[in-house]
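Working notes, structure below.
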Amino acid sequence: MSEQVRERETRRLDRVVVRFAGDSGDGMQLTGEQFTSETATFGNDLSTLPDFPAEIRAPAGTPAGVSGFQLHFSDHDILTPGDAPDVLVAMNPAALKANLKDLPPGANLIVNTDSFTSGNLKKAGYATDPLTDGTVDPFVVHRVPLTSMTINAVHATDGGGGVNKKEAERAKNMFALGLMCWLYHRPTEGTVSFLEKKFGKRPEIAAANIAAFRAGFNYGETTESFTVTYEVAPARMKSGTYRRISGNLALSYGLIAAGELTGLQVYLGSYPITPASDILHELSKHKRFGVRTFQAEDEIAGIGAALGASFGGSLGVTTTSGPGVALKSETIGLAVSLELPLVIVDIQRGGPSTGLPTKTEQSDLLQAMFGRNGEAPVPIVAPRSPGDCFNAAVEAARLATKYRTPVFLLSDGYLANGSEPWLLPTREELPDLTVSFATEPNHTGTKGPEFWPYLRDPETLARPWAIPGTAGLEHRIGGIEKSDGQGNISYDPANHDRMVRLRAAKVAGIAGDIPSLEIEDPSGEARVLVLGWGSTYGPIAAGCRRVRAKGLKVAQAHLRHLNPFPANTGEILRSYDKVVIPEMNLGQLRMLIRAEYLVDAIGYNQVRGLPFKAAELAGVLEDVINQ
Amino acid sequence: MTVTTNRSGISNRLLDLVPAAPSQQNRKEFTSDQEVRWCPGCGDYAILATVQGFLPELGVARENIVFVSGIGCSSRFPYYLQTYGMHSIHGRAPTIATGLATSRPDLSVWVVTGDGDALSIGGNHLLHALRRNVNVKILMFNNRIYGLTKGQYSPTSEVGKITKSTPFGSLDRPYNPVSLAIGAEATFVGRSIDSDRAHLTSVLRAAAEHPGTAFVEIFQNCNIFNDGAFEPLKDRSTKDDATLRLAHGEPLVFGAEGDKGVRRAPDGSLEVVSADDPGVLVHDAAATDPSQAFALSRITGDTHGVTPIGIFRNVDVPTYDEAFNKQISDARARQGEGDLMSLISGGETWTID
């Protein structure tokens with residue numbers, strides 16, 4: 000056996016896509032996260048895609064209950080979690096059934112043979128055993144009795160006195176992790192210390208998991224099943240300090256940073272909803288930053304409390320997903336009318352209605368843009384990658400406080416749960432967003448100095464923010480139309496027309512305060528532009544690389560601001576023969592672009608709850624280029 | 000927070016966090032320059048006058064008082080007070096007030112709402128504000144009708160109410176707002192009448208002295224769409240027999256001759272008996288258990304021929320605001336102020352040269 004180890008080939012790869020799949024209760028997310036953590040520490044670039052059911056515990060053993068985690072890692076910078084897995088770990092027949100269609104022929108398939116019982120095959124909907132009926136023939140199959148080997152390993156370590164059989168069996172995900180760490184030459188120290196920390200209060204459970212993890216690693220070393228192992232060298236990335244970060248975590252940190260940069264107390268009013276709840280969870284931990292989190296009785300109360308806090312001089316924030324935005328609409332309209340800062344974070348998911356709570360989609364753009372009564376313009380900001388959620392949150396807070404307006408921050412489920420290495424910003428790189436409140440009367444009336452709450456800054460058109468507690472500036476604001484300047488109730492037709500236009504002009508004016516739309520076109524000669532927004536940045540950029548690798552020319556532009564668009568957007572769009580807009584909706588940005596610029600953009604649209612694949616987009620772009 | 004000194008009369012541990020008025024204020028200083036636009040004869044005028052007359056008594060700086068309202072006739076109230084104010088959207092005033100009060104302990108926050116605003120469209124928010132015991136004072140004007148939308152029945156209208164939307168009579172059973180508030184475990188529940196300035200002032204004063212949520216139902220006459228709804232409680236010839244004035248620590252007796260009392264019936268409810276009945280109860284608004292306060296709220300003009308007014312329940316329990324802000328100060332005391340850069344670089348990092 001030792002000779003075989005010596006003879007075993009180590010192949011160098013530039014990138015690998017692995018997918019762990021199992022039952023919801025099998026710990027696949029934890030396994031994937033831990034493999035990712037080791038990979039990040041090793042220095043690869045990476046991108047992840049967790050994929051889990053909406054049910055907390057869907058019926059065990061059925062395809063509906065399968066939870067998956069995909070990781071793409073490489074020795075160069077990558078942009079997506081990968082189109083198709085190079086290796087699939089299937090913990091049971093249901094996981095095989097749900098994932099096999101994504102596996103290209105020749106890929107590695109690691110299956111837990113212990114779980115392929117007649118009962119489990121039936122639950123998965125297999126009439127015959129796919130391991131013997133030819134189903135898996137196109138793949139390089141590694142049959143591993145994962146459950147029994149895990150139990151044996153655990154009980155061999157603790158002499159049978161540590162944990163019972165069921166607890167031992169639960170460690171099988173760590174056996175799988177150990178095997179994968181061996182196969183891809185991942186470091187292991189981090190996992191051991193992670194398990195010691197995670198199960199610190201149950202040392203026998205920690206020991207069982209560590210035993211299973213080591214057994215999996217050693218199994219790779221000794222088995223004859225694997226003739227090749229793989230190495231992926233660290234990526235050459237921009238110098239600096241990195242950490243791995245998910246979109247929701249980056250967004251949470253961005254909000255805390257916004258509090259410090261504006262000098263305001265962050266006040267989050269929120270109601271739990273997938274996939275946004277993690278932001279509430281995260282922010283609720285950071286009380287030492289003065290961050291106040293209020294879990295309200297419903298979505299409306301969440302935004303109401305945030306707006307009330309904004310009136311009092313806090314940075315009011317509410318976090319939600321599409322259905323929650325629908326409930327908050329009236330309060331967003333009130334915030335438009337009150338002209339108070341407010342950040343509305345929408346982690347988009349599949350819709351309409353409850354839709355696909357755990358799957359991603361970009362279908363709230365028009366809701367954010369228009370989903371209110373009356374003319375109620377709201378600026379919209381969208382991040383392009385998990386790490387970019389930090390910057391987008393800071394930018395949303397900048398616009399909200401500077402222009403005294405609610406601002407939409409449109410992330411989505413893919414960014415929220417996906418992760419990537421994040422180059423940490425330095426303090427000096429973060430902008431100064433200091434806010435100043437009104438402290439003095441701003442108008443001289445017949446009876447002397449007065450405070451006019453709607454007297455605007457001539458440059459930004461923002462109104463003064465005078466907070467309660469400021470003597471002499473007592474004033475009343477509300478949702479009824481106000482007179483321009485003075486701010487008293489006004490039903491005057493001409494005044495209403497003026498106020499509607501002023502509010503629109505204020506938001507439109509932001510175009511002069513945001514960066515121009517940038518074009519990425521290495522050739523400088525592309526005639527086709529692909530335009531995107533939000534989380535499609537990675538797949539689009541990866542698709543463009545593939546197109547260019549074939550010698551074709553394509554330009555890419557990606558919008559951070561959706562309302563208003565950057566000032567040069569029309570000019571750029573009109574300078575190309577064709578504009579393609581891929582979106583995970585039925586063409587919402589395309590509708591806005593066509594309406595605004597009369598550019599006949601071509602849509603490419605999918606609403607499958609999953610991000611685009613780079614190969615698929617490359618194909619679409621090639622077709623357009625070659626037409 | 001500035002701890003104030005020198006404030007006359009009204010005080011509680013939360014109100015003491017609000018800066019004091021530099022000098023004695025008067026009613027005029029609380030009157031805004033806006034023209035009051037309720038219908039002539041509306042009960043809202045009397046309530047406004049009482050509140051404007053009462054606010055100087057609070058003794059806190061005018062700029063640290065905020066009135067938040069929803070939608071409806073009553074919700075125009077903030078415009079007429081020279082304090083900070085927000086006229087928000089239908090039913091949502093408690094949510095806005097909650098965000099404001101919990102983020103700014105140096106403010107005295109009041110909600111003005113109506114029976115439709117608070118109990119219909121905003122019912123959920125009211126319940127949760129009451130159970131949380133947020134430091135806001137909620138004044139609910141109950142005229143038992145929708146006024147601003149011109150006369151549809153409200154959640155406090157009596158069954159069979161003939162209105163524009165119910166030409167054959169309304170079908171819903173009405174809410175008893177005081178029962179609802181006590182059921183939600185509100186820590187302060189009072190009731191008063193628009194036209195009884197002295198009584199309303201006394202209830203407002205007690206509400207202000209209460210740390211936490213105070214819910215005050217104010218019977219308010221809508222002379223356009225539901226005139227005379229509370230007439231038996233106001234008419235000189237009937238009011239003494241129709242009103243049970245609650246006073247903490249005093250026997251529950253009433254009547255023009257003081258000849259009627261309230262005692263507990265065998266089934267646990269309360270019943271009206273002769274004042275000299277040995278079972279006549281003494282009112283205890285501070286009782287921890289809300290059962291007797293709830294039983295009192297079930298005494299109504301319709302069922303017993305008498306309506307209790309005054310303070311049903313007034314118990315001092317920890318407020319949401321105090322606990323909310325204590326978590327912040329405790330975290331800072333324990334761990335120090337947060338450092339942004341060490342937060343974001345927390346967890347596993349690696350450096351590339």
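Going down the list, the protein sequences come from chains A and B.
With numbering that gives the first Met the number 0, letter number 391 in the first sequence gets 390, and the count goes up by one each step, no holes.
With numbering that gives the first Met the number 0, letter number 250 in the second sequence gets 249, and the count goes up by one each step, no holes.
Here a beta-carbon is modelled for each residue, glycine too, at the ideal position from N, C-alpha and C.
Secondary structure of residue 464 of chain A, DSSP reduced to three states: coil
What would DSSP say about residue 343 of chain A, mapped onto helix, strand or coil? strand
What in chain B is Cβ-close to residue 236 of chain A, meaning under 9 Å? 351
Hey, is the segment 242–252 of chain B in contact with the segment 276–286 of chain B, meaning 3+ C-beta pairs nearer than 8 Å? yes
Which residue from A:498, A:308, A:287, A:426 puts its Cα closest to that of residue 105 of chain B? A:308
Is it true that the CB of residue 452 of chain A sits closer than 8 Å to the CB of residue 461 of chain A? no
Spatial neighbours of residue 554 of chain A within its chain, please: CB distance less than 6 Å, with the 5 preceding and 5 following residues excluded, ordered by chain position. 518, 520, 525, 528
Using the C-alpha atoms, what's the distance from residue 538 of chain A back to residue 76 of chain A? 13 Å
Contacting residues, own chain, Cβ-Cβ under 6 Å from residue 103 of chain A (five flanking each side not counted): 83
Can you name the start and end residues of the alpha helix (DSSP H) that residue 195 of chain A belongs to? 188–197
So residue 185 of chain B contacts chain A; which residues on that side make the cut at Cβ distance below 9 Å? None at all; the shortest Cβ gap to chain A is about 15 Å.
I believe residue 64 of chain B touches residue 82 of chain B by the beta-carbon criterion, under 8 Å. Please report the beta-carbon distance rounded to the nearest angstrom. 4 Å
What is the rounded straight-line gap between the Cα of residue 35 of chain A and the Cα of residue 18 of chain B? 54 Å
Could you check which residue in A:252, A:189, A:336, A:324 has the C-alpha nearest to that of residue 365 of chain A? A:324
What's the C-alpha gap between residue 54 of chain A and residue 154 of chain B? 38 Å
When you compare only the Cα positions, how much space is there between residue 614 of chain A and residue 545 of chain A? 7 Å
Please look up how many angstroms separate the CB atoms of residue 638 of chain A and residue 374 of chain A, rounded, as I've assumed it's under 8 Å. As shown, chain A starts at 0 and ends at 626. That puts residue 638 of chain A outside it, with no answer to give.
Measure the alpha-carbon distance for residue 1 of chain A versus residue 10 of chain A and round it to whole angstroms. Confidence in residue 1 of chain A is poor, its pLDDT being 44 and thus under 50, which makes the residue's placement unreliable; the coordinate value appears in the next sentence. Between residue 1 of chain A and residue 10 of chain A, the C-alpha separation is close to 19 Å.
Give every residue of the same chain whose Cβ lies closer than 6 Å to the Cβ of residue 558 of chain A, excluding the five residues on either side of it in the sequence, and list them in chain order. 532
When A:596, A:31, A:262, A:61 are compared against residue 69 of chain A, the one with the closest alpha-carbon: A:31
Between the Cα of residue 156 of chain B and the Cα atoms of B:172, B:167, B:130, which residue gives the shortest distance? B:172
Among B:20, B:200, B:117, whose alpha-carbon lies nearest the alpha-carbon of residue 176 of chain B? B:117
Can you name the residues of chain B whose CB is closer than 8 Å to the CB of residue 212 of chain A? The premise fails here: residue 212 of chain A is roughly 18 Å from chain B at the closest Cβ pair, so nothing lies under 8 Å.
DSSP three-state label for residue 556 of chain A, please. strand
Tell me, please, which residues DSSP counts as bridged to residue 213 of chain B. B:136, B:187
Determine whether the beta carbon atoms of residue 322 of chain A and residue 412 of chain A lie at a separation below 8 Å. no
Assuming contact is defined by CB atoms lying nearer than 8 Å, are residue 282 of chain A and residue 229 of chain A in contact in what I supplied? no
Per-residue burial, residue 71 of chain A [other beta carbons within 10 Å of its own, 16 or more giving buried]: buried
DSSP state of residue 479 of chain A, grouped into three classes? coil
So what does residue 69 of chain A bridge to, in DSSP terms? A:18, A:48
Distance CB(residue 414 of chain A)-CB(residue 385 of chain A) smaller than 8 Å: yes
Hey, could you find the ends of the beta strand (DSSP E) residue 28 of chain A is sitting in? Taken as a continuous stretch (DSSP letters only), residue 28 of chain A belongs to no beta strand (DSSP E), being part of the alpha helix (DSSP H) at 27–41.
Could you say which of B:80, B:101, B:72 lies nearest to residue 89 of chain B if we only look at CA atoms? B:72
Close beta carbons around residue 119 of chain B, own chain, < 6 Å, minus the five adjacent residues each side: 154
So, is the C-beta of residue 204 of chain B closer than 8 Å to a C-beta in chain A? no
For a contact meaning CB atoms closer than 9 Å, what does residue 125 of chain B contact in chain A? In chain order: nothing, as chain A lies at least about 10 Å away.
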